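Engineer:
What follows is the structure, given as structure tokens:
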């Protein structure tokens, strides 16, 4: 016997409560990123003043790192804003992606590989398992 890990997709049936919870989480994450951007700006001003003492190359290198950090945060914020719009536009009762977990499967000689490792889905409604099914069925 051999044990392998297989992915299990989590699907959420969208309810008013789920929609409100997801919207709140996304808004909180957006606010967190906004706070990080403000911190970057604050720290950047001080760091750039310090870097000026070491010459233009130090300022240029620091500016590039600051812009990279700022860009990464802004990209993540934009992704979250797109997710927020998608959730807000989704209808109650729709199935949405809720992430993925791993499950372990015991494999024995003679087992049908495709049946054993075929991706499964767990469907949740307000945190309660309402269905376990093969993906795509």
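Numbering (the working numbering), first residue to last: 115 to 251. Cβ atoms here follow ideal geometry from the backbone N, Cα and C, with glycine treated the same way. What you are looking at is a predicted structure, and each value in this text was computed from that prediction instead of being measured.
1. Between residue 115 and residue 248, which are expected to be in contact by the criterion C-beta below 8 Å, what is the C-beta distance as a whole number of angstroms?
2. Nearest to residue 135 by CA position, among 202, 216 and 148, is which residue?
3. Report all residues from its chain with a CB closer than 8 Å to the CB of residue 243; omit the five preceding and five following residues, and keep chain order.
4. Check residue 157 in the structure and name its three-state DSSP category.
5. Taking buried to mean at least 16 other C-beta atoms within 10 Å of its own C-beta, is residue 140 buried or exposed?
6. Near residue 121, which residues of its chain fall below 7 Å by C-beta distance, leaving aside the five closest residues on each side in sequence?
Structural biologist: Per the coordinate set shown:
1. Along the chain shown, one-based indexing puts residue 115 at 1. Along the chain shown, one-based indexing puts residue 248 at 134. Wrong, their Cβ atoms sit about 23 Å apart, outside the cutoff.
2. Within the chain shown, residue 135 is the residue found at index 21, counting from 1. Checking every option, the nearest Cα to that of residue 135 belongs to 202.
3. Numbered from its first residue, the chain shown carries residue 243 at position 129. 236 and 237, listed in sequence order.
4. Position 43 of the chain shown, counted from the first residue, corresponds to residue 157. Correct three-state label for residue 157: helix.
5. Within the chain shown, residue 140 is the residue found at index 26, counting from 1. Answer is buried; the Cβ neighbour count reaches 16.
6. In the chain shown, the residue the question calls residue 121 occupies position 7. Excluding sequence neighbours, residue 121 sits near 214, 216 and 233.
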